Every structure is written in C-alpha cells, then in structure tokens.
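Heads up, the thing below is written out as structure tokens.
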Amino acid sequence: MAEIVSLAEAVERAIHDGDAVAMEGFTHLIPFAAGHEVIRQRRRDLTLIRMTPDLIYDQIIGAGCARKLIFSWGGNPGVGSLHRFRDAVEHAWPVTLEIEEHSHAGMANRYVAGASGLPFAVLRGYNGTGLESLNGDHESAPTIKPITCPFTGETLTAVAAIRPDVAVIHAQCADLSGNVQLWGIAGVQKEAVLAAQRSVVTVEEIVDHLDPRAGAVVLPSWTVSYVAHVAGGAHPSYALGYSVRDNDYYVAWDAIGRDRDAFARWLDEHVYAVPAGQS
Amino acid sequence: MKGLNPAAVSEVTYTADEMMTVAAARVLRERMTCFVGIGLPSAAANLARATHAPGLVLIYESGTIGAKPAELPLSIGDGILAETADAVVSVPEIFNYWLQPGRIDIGFLGAAQIDKFGNINTTVIGADYEHPRVRLPGAGGAPEIAASCREVIVVVRQSSRSFVERVDFVTSVGYGSGPGDRERLGLTGAGPKKIITDLGVLEPDPATLQFTLTGLFPGVSAAAAKERTGWDLAVAPDPEIIAGPSPAELAALRNLQGGTAHPPKEHH
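Line order of the protein sequences matches chains A and B.
Just so we're aligned: the first sequence equals residues 2 to 280 in my numbering.
Just so we're aligned: the second sequence equals residues 1119 to 1386 in my numbering.
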C-alpha cells in the first residue's frame, strides 16, 4: 500500500545516494518538483535513467547529483541543447558523467522487459547504427546484442531490462488509499513504476475516490511506495487538464543552462532557497 | 500614392527556410501516414495538413496518432497534440505496434550531419565518441523511424559542415555504405528518398544510392549547392527548378508559425 507523505519525506525515504533513479514523463507529466527535491537533499552518485533527460536532468546533472546517465534523447525540445548535460559530457563539469545511450524504441522496450520481469526485450532496431557497435562492445555491461529468433531464424536485437531502484513520476490524481490515475500522453510511466523496486508519485490532487476515466492509466496503491501531493509539481512540463506546458520557460532555460554562474544562481534562488514542493 | 500589391509582394518575399518547409510539405500526400520529428519536419508536415493534404495523419513519438494542431507545437508532446489526436498510446506501443511493423508511410526526420548515403548523425560531432567536440542530443526515435517507415524524407539546412563524406557517428542508417546494405542489415523500409534543404532537393542515384542534386529552388545555382556540400556532389543533367512558395502556402505557413510561441529551430 502506498503511503501518503510529504514530498521531502518521500524523497528522503525512497532515494538514496548511489541509487539508479528513473524519473519518467514523456514531455508531459515530468516530475520536476521531485527532481528539485533530490537536488535540495543533495543526493550524490545517482544513476539517472530517462528517455528524454529534458530540463529536469539538465538541472540534476548540473547540480552534481549524478555519476551516470542512461538515456535516448538529450535535448531541449524545439529549443536546442541541454547545456549542463553537454558541459558534463564535454568537460566533466561539475563531475564526470558516464553515459549509456539508446534509441527511444530500445529504452521503451528495456522498461517493458523490466516491468515484465524478463531479463531482456526483443525488437527490430539498432541494425547498422553506431549505437549497436558502441553498446555491444561495452566492456562492463553490454545492453544491446543480436538474438536469433528460435522460430524463424531471423536475427533480431535484444536489449537488457531496466530495473531502477526507484521510479519517480507525476500524475493528475491519487485517492486517499494511494491509487494513482494519469491520462493524456502516458509515456513509459507505468512500465517505469512496475520495473522499479520503489516508487514515488507526486500528484496534482488527492481525491476521495478516483472517477473512472476511459483510457487512463491506473497504478493500484499496492504498486506504489509513496504518494505526495504537489500541485503544479510538473512545471514547466504540464499535467493535462490542470496546466499547459510552459514553453517560455523552456526557451528561457537556454540562457540559464548555458552559463555555469547563471545556473548556480538559479540553483540558489529557485531550488536551495525554496521549500520542498514549491519550486 | 500607389500602394504595394500584397499578392505580388508575398509571391517574391520569402526566406530560404520557408522555401525548404514548403518544398518538404509538397512531398506529403492526402491520407498518408507520417511519423514526424520536431522542428523543420513538424513545420512541413503541419503545413501539408493545412494546405493540400488535410487528411494527412501526423504521428508523433509521444504516442499521439492523428494529431491536428492548429499551431505548431514546440515539443513532440505539447498538450495540443494529445487533445487533437485520434488516439493517444504509450511510448512502447507507438514504437512496437505502430512503427516497427511498417505501418507508417513516411518518416520525416531532421539531421545535424548527413552523408552522401543519407546516413544521419545526431549523436556526436568529432571522431572520438568518448571526447566529442560537440555532444548532440542523441538518437531519440530516429534510428527505428529510419529503419521501419516505408520511406524517409530528411529536412535539413545545407552546409559543407553538415553535408559530409562520412558522418562522424551513424545514429540512423540511410543506405549504409551503398547498394545492398539495407537488405543485409534487415531494414524493412526503403530508406531516404529525398533530402530537402534550403537550396533544393537531393535524391539517391538509382545505381549508386549516392545523393545527387535533382532540384533547385528559384535563384539558387548548382554551383552554390556544390559549394555547400562536403562531398563531391553529383548534379542531375537537368535539375528541376522548383516553383517558389505560392501565396496560399506562405500564408498558411506564417499562420501556423504565428500561433507558436517560438519558431522551430534545429538542434545544434
């Protein structure tokens, strides 16, 4: 059963130094407030997992919380680069960042394998790409390998399951028992939560009872560890039905993220000086 | 005092980016299904839907199938895409059920670097992956879009830096090293059929699969296109001079962009 707690308590209890953390939300429902709380609690040596690192991981990487990033597309959508991510990869600032990169199809299937309790997933993908040779040769832990179909003999691609220590997502609603409901662009959040050992869900609102809603994703309370009420917790991403994507913020981030000092000022003013759930 | 004729002005006054977007939009036909990348491809696909192909089915990797935005989204997951879609599916589903089996006619992609065989790099600039000169965003949906859509169209501004003999990193496969490579790799789609740039159109030579200049925008010379290509660009015997944007095309494009908070840019 999910416990309904404060954001600070959820992060304190669920996310520890060195954990592999998947904060998901595909453009929509990105758990920014939870990400800021991870920065505020000064977690270190995290392995960050996310299909689209987006501004949330640009901020967490820039704050020095991560030692590794597993991802498939690290840009500021429609705007340009994630400069904190680039600074980490290109100049090891503020710390060295190891990267493991995939395609979206590969990452999505890795989560499906994790949620399914399987060691790998199969897809048609990566053939002839640099990602295949790069990752297949990875000396420590290859995550892309060819596999032969036992029925047809066709060569397909296997990708290793993702099993995060913690999944963090934002949703529209939870009820008083901690059942979670989200809708609109649903990304890989269900898969991330079911693949993870623990999970934190921030929600726009806690209601007495969830209204049945066609097409919504429901995560029953017994699949979730902690629920925290954080209205606006996806900003500058959005929660369909509650807010719209703050595209101006994404555009303005370019100048902040580009400059180490401007970023440090942003961290001080908008994260460290602000209570949990209000950034 | 004589006023300007607005129609005459709009016929001649357009930017190279507008010409590129219009030319890309013209490739799309009514009722095609199109997997759309963000930026220039999204602008072109939405222009096609706003002009000659209202029944064009736009599919974004966020899982929005049949999105009908009235203004250009900034990201592939803006709320307007979900709110106007025929269906919204999860990210595993969009790749596994919709893209992978070859259901989608056209993949519309951008590029940071592209080579003469239409291979695309959006990963790193520089030969050393571990120490890149520029770290680009990475693959996103592109490798499987390039592999599995029936055909691929690439929309990218042309320069000798971005049009290279060999890409620094193959993020998405075009024709690999030449004829036979797509078949050998088991890629189910036919590969890139056009590269549409701000100068004109390149298409693969049927024999060598090397991209060749086959179309030029008004006022652009083949010499200028060769100048802005990092490989020895072959020019078709009689490259087509592509008609400039019509007033209706320009008006529709500007109307779409006028609604966006910010015009799309390339990532790099």
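Even glycine gets a Cβ: it sits at the ideal position worked out from N, Cα and C.
Since we're looking at a predicted model, the values are computed, not measured.
Taking every protein chain shown into account, the CB of P213 (chain A) has fewer than 16 other CB atoms within 10 angstroms, so this residue is exposed. Taking 7 Å as the threshold, the shortest C-beta distance from R1253 (chain B) to chain A falls below it.
According to DSSP, Y1178 (chain B) shares a beta bridge with B:T1182. Note on geometry: alpha-carbon atoms of Q1218 (chain B) and T158 (chain A) lie some 12 Å from one another.
Between P1297 (chain B) and chain A, the shortest Cβ-Cβ separation is not below 7 Å. Under DSSP, S200 (chain A) forms a beta bridge with A:A168. If you look at Q60 (chain A), you'll find it in the alpha helix (DSSP H) that goes 55-63.
Taking the C-beta atoms as reference points, V169 (chain A) is found nearer than 7 Å to P32 (chain A). Taking all protein chains in view, the Cβ of W223 (chain A) is surrounded by fewer than 16 other Cβ atoms within 10 Å, so the residue is classified as exposed. Residue burial annotation: N1373 (chain B) is exposed, with fewer than 16 other C-beta atoms found within 10 angstroms of its C-beta. D18 (chain A) places its beta carbon 7 Å or farther from that of R41 (chain A).
Under a 10 Å Cβ-count criterion, Y273 (chain A) is classified as exposed, with fewer than 16 other Cβ atoms of the shown protein chains found around its own Cβ. The stretch 1281-1314 of chain B is shown to contain whole alpha helix (DSSP H) runs of 4 or more residues at 1299-1303, in chain order. At a C-beta separation below 9 Å, Y1247 (chain B) has these neighbours in chain A: G131, L135.
The DSSP-derived three-state label of Q1276 (chain B) is coil.
From the beta-carbon of W74 (chain A), the residues of chain B found nearer than 7 Å are P1255, G1256, A1257, G1258. The Cβ of S1277 (chain B) sits no closer than 7 Å to any Cβ of chain A. Nearest Cα to A1166 (chain B) within the set B:P1250, B:G1228, B:T1139: B:T1139. Counting other Cβ atoms within 10 Å of its Cβ, C66 (chain A) reaches 16 or more and is therefore classed as buried. Using a CB distance below 8 Å, the part of the stretch 38-70 of chain A facing chain B consists of M52, T53, ordered along the chain.
For S1277 (chain B), the closest of B:L1227, B:N1237, B:A1342, B:Y1215 by C-alpha to C-alpha distance is B:A1342. Against chain B, the CB of G115 (chain A) has no partner CB under 7 Å away; the residue lies outside that interface. Below the 8 Å Cβ cutoff, chain A contributes no neighbours of F1281 (chain B), its closest Cβ being approximately 19 Å away.
DSSP places L1158 (chain B) inside the alpha helix (DSSP H), whose first and last residues are 1158-1168. When C-beta atoms of the stretch 1168-1178 of chain B are compared with those of the stretch 1274-1289 of chain B, fewer than three pairs fall below 8 Å, so the two segments do not count as touching.
By the CB criterion at 7 Å, E192 (chain A) and A232 (chain A) fall outside the cutoff. Residue pairing from DSSP leaves P1261 (chain B) without any beta-bridge partner. Against L1192 (chain B), the close residues of chain A are P78, G79, V80, R246, N248, Y251, V252, in the order they occur along the chain (beta-carbon pairs closer than 9 Å). In the structure shown, the three-state DSSP call for G107 (chain A) is helix. By the CB criterion at 7 Å, A172 (chain A) and L8 (chain A) fall outside the cutoff.
Contact annotation: L211 (chain A) and Q182 (chain A) have beta-carbon atoms nearer than 7 Å. L1305 (chain B) has its alpha-carbon roughly 7 Å from the corresponding atom of N128 (chain A).
Between the alpha carbons of L1146 (chain B) and V1273 (chain B) lies a gap of roughly 13 Å. Annotation: the continuous beta strand (DSSP E) that includes K146 (chain A) extends over 145-149. Less than 7 Å separates the beta-carbon of A1161 (chain B) from that of L1190 (chain B). Fully contained in the stretch 1196-1259 of chain B are the following beta strand (DSSP E) runs of length 3 or more, in chain order: 1224-1227, 1231-1233.
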